[in-house]
Amino acid sequence: MKPYREMSKEELASLKEQLEAVYKEYQGKNLSLNMARGKPCKEQLDLSLPMMDVLNSSSDYISADGDVRNYGILTGIQEAKELMGAMMDAPAENIVMYGNASLTLMFDTVSRAWTHGVCGSTPWCKLDKVKFLCPVPGYDRHFAITQYFGIEMINIPMTADGPDMDLVEKYVNNDETVKGIWCVPLYSNPSGQSYSDETVKRFANLKPAAKDFRIIWDNAYCVHHLHPDHPDHILDILSECAKAGNPDMVYKIGSTAKITFPGSAISAIATSKANIEDMKKQMNVQFISHDKINQLRHVRFFKNLDGIKAQMAKHAAILCPKFEAVDEILNKELAGLEIGKWTKPNGGYFVSFDSLDGCAKAIVAKCKDAGVVMTGAGATYPYGKDPHDSNIRIAPSFPTLEDLKLAAEIFCVCVKLVSIDKLLA
Ligand code: PLP
11 MKPYREMSKE
21 ELASLKEQLE
31 AVYKEYQGKN
41 LSLNMARGKP
51 CKEQLDLSLP
61 MMDVLNSSSD
71 YISADGDVRN
81 YGILTGIQEA
91 KELMGAMMDA
101 PAENIVMYGN
111 ASLTLMFDTV
121 SRAWTHGVCG
131 STPWCKLDKV
141 KFLCPVPGYD
151 RHFAITQYFG
161 IEMINIPMTA
171 DGPDMDLVEK
181 YVNNDETVKG
191 IWCVPLYSNP
201 SGQSYSDETV
211 KRFANLKPAA
221 KDFRIIWDNA
231 YCVHHLHPDH
241 PDHILDILSE
251 CAKAGNPDMV
261 YKIGSTAKIT
271 FPGSAISAIA
281 TSKANIEDMK
291 KQMNVQFISH
301 DKINQLRHVR
311 FFKNLDGIKA
321 QMAKHAAILC
331 PKFEAVDEIL
341 NKELAGLEIG
351 KWTKPNGGYF
361 VSFDSLDGCA
371 KAIVAKCKDA
381 GVVMTGAGAT
391 YPYGKDPHDS
401 NIRIAPSFPT
411 LEDLKLAAEI
421 FCVCVKLVSI
431 DKLLA
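Everything in the sequence shown is counted per my numbering, starting at 11 for the first residue and increasing by one.
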């Protein structure tokens, strides 16, 4: 197909006329489609329903640490630590179980540092300036947490190997006000990229100017492979940090949100013993225990990491055709036109689309007017500000395959129309 920018104004204008007719037809259908949030679909949720039968009124509720029905066992039951440790590639002794969502854990981690400091350092709230590095495009809810605390966010571009490490090193090793970085190392949200071994090693070997600098390593998609027979693989950051003499530098985080039930999951943090002791000071005040019945339910349902992998293979069988359909339609409609680029991830929940500069907001608005809700343009950047106004996050998991295909077709029409307007302007 001929690139749009090589077309004459007349060619573009006549193409626009044809596309507008197609767009009007879609508008006339009063559609209500959604490619916005990375939620599992009903079939995926159904996969975990048998988990609700593993504990009932005749079950025993006794864990290695005692009766899960009562108060106590602050850091979670041993069996859950072993299960999450296996999933998160960390020893059970380095695991603290948390609540039903990892986002709470991340919020609390930043909140604790803000009010009380990290391992005895000055509370961040008492400092004139606190900065966080934010690989972009990234996860809007990470950025919302740091924004909530008034932490200044600095964009770090993503490369095919992960965040631009030259920039990360420059900031972390020289600027004492840089206290942390958000990372989604495997199947990043939204690009789907995974960090190379070299990137992980460079992270582990940082020489932070701030001794309370911490990496928030949100391994939300650690078992979420679309092709379980050839998954991406990342190095374990905890052991790399220990080898590099930085044992306390990382909080590794995970949950079963998109394995079982989002909002009713189990979450965990893997980190050094010193960091665990630091966390426990606040945890002791904040709660007596988390939902240990849910921890036991997950353990009895999955049994071990193989149980989780078997479950994730079923998720992949549902998700894979959806990701393929999106890629196929984008390819069929847009390849060669040079008006957009997109990722083809090997796992995770998103496809990242980059339009021509200055077009993303208009594309999302045009989609909305035709009944297709996309994630707001800009959401993948701190403060909702995409400096190029070009990134759009596509979430293929939730709609039915049929709805998804239609939504992707409409999205392509909108991309074409907005790009033509830009080229004609
Ligand atoms: N981390 C990332 C990178 C995510 O994409 C998501 C959900 O989209 C979450 C965390 C949310 O996980 P949880 O439900 O455990 O809070």
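Virtual Cβ for every residue (Gly too), placed ideally from N, Cα, C. All values derive from a computational prediction rather than experimental measurement.
Beta-bridge pairing by DSSP links N165 to C144. Leaving aside the five residues that flank N44 on each side, the residues in its chain whose CB is nearer than 7 Å to its CB run, in chain order, V383, F408 and P409. In the DSSP assignment, R151 falls within the alpha helix (DSSP H) that extends over D150 to Y158. The beta carbon of G394 sits closer than 6 Å to those of G388, all from its chain and outside the five residues before and after it, given in chain order.
Excluding residues up to 5 positions away in sequence, S265, A267, G273, A275 and S277 lie with their Cβ nearer than 7 Å to the Cβ of A111 in the same chain. Burial of Y149 is indicated by the presence of at least 16 other C-beta atoms within 10 angstroms of its C-beta. For M94, the uninterrupted alpha helix (DSSP H) run begins and ends at Q88 to M98, by DSSP. Excluding the 5 residues flanking it on each side, Q296 has same chain C-beta neighbours closer than 8 Å at D118, in chain order. About 16 Å separates the beta carbon of M259 from that of R122, a gap too long to meet the 8 Å contact definition.
Under a 10 Å Cβ-count criterion, H237 is classified as exposed, with fewer than 16 other Cβ atoms of the shown protein chains found around its own Cβ. Between D228 and P133, the alpha-carbon positions lie close to 23 Å from each other. Taking a cut-off of 8 Å for Cβ pairs, the stretch 158 to 172 and the stretch 309 to 323 do not touch, as fewer than three such pairs fall below it.
Of all C-beta pairs linking the stretch 55 to 71 to the stretch 239 to 246, fewer than three are shorter than 8 Å, placing the two stretches out of contact. M116 sits buried, since 16 or more C-beta atoms from the chains shown fall within 10 Å of its C-beta. Around the ligand PLP, the residues whose beta-carbon falls short of 6 Å from at least one of its heavy atoms are G48, A111, S112, L113, Y149, V194, N199, D228, A230, S265, A267, P272, A275 and S277, given in chain order. When the alpha-carbon of H325 is set against those of G358, K371, S18 and A435, the nearest one is in G358. V336 and G202 have their alpha carbons spaced roughly 14 Å apart. Between the alpha carbons of K332 and R151 lies a gap of roughly 24 Å.
For Y14, no beta strand (DSSP E) encloses it, and the DSSP letter there is neither H nor E. The beta carbons of N183 and K217 sit closer together than 7 Å. By the Cβ test, the stretch 246 to 255 is not in contact with the stretch 75 to 91, since fewer than three Cβ pairs between them sit closer than 8 Å. Residue burial is scored here from C-beta neighbours: K376 has at least 16 other C-beta atoms within 10 angstroms and is therefore classed as buried. The distance from the Cβ of I404 to that of V361 is about 4 Å, consistent with a contact at the 8 Å cut-off. Linking R212 to M163 through their CA atoms gives a straight-line distance of about 21 Å. For the pair G127 and Q305, the CB atoms are not nearer than the 7 Å cut-off. Taken in chain order, the whole alpha helix (DSSP H) runs of length 4 or more contained in the stretch 203 to 237 are 207 to 214.
Taken in chain order, the whole beta strand (DSSP E) runs of length 3 or more contained in the stretch 231 to 288 are 260 to 265 and 277 to 280. According to the DSSP assignment, V361 belongs to the beta strand (DSSP E) that extends over V361 to S365. Counting along the chain, the unbroken alpha helix (DSSP H) around N184 starts and ends at M175 to N184.
Taking 8 Å as the upper bound for CB-CB distance, M322 and H234 are in contact here, some 7 Å apart. Unbroken alpha helix (DSSP H) stretches of 4 residues or longer found wholly inside the stretch 282 to 335: 283 to 296 and 302 to 312, given in chain order. When DSSP reads this structure, I83 sits in no beta bridge, so it has no partner.
For the 7 Å CB-CB criterion, I247 and V188 do not form a contact.
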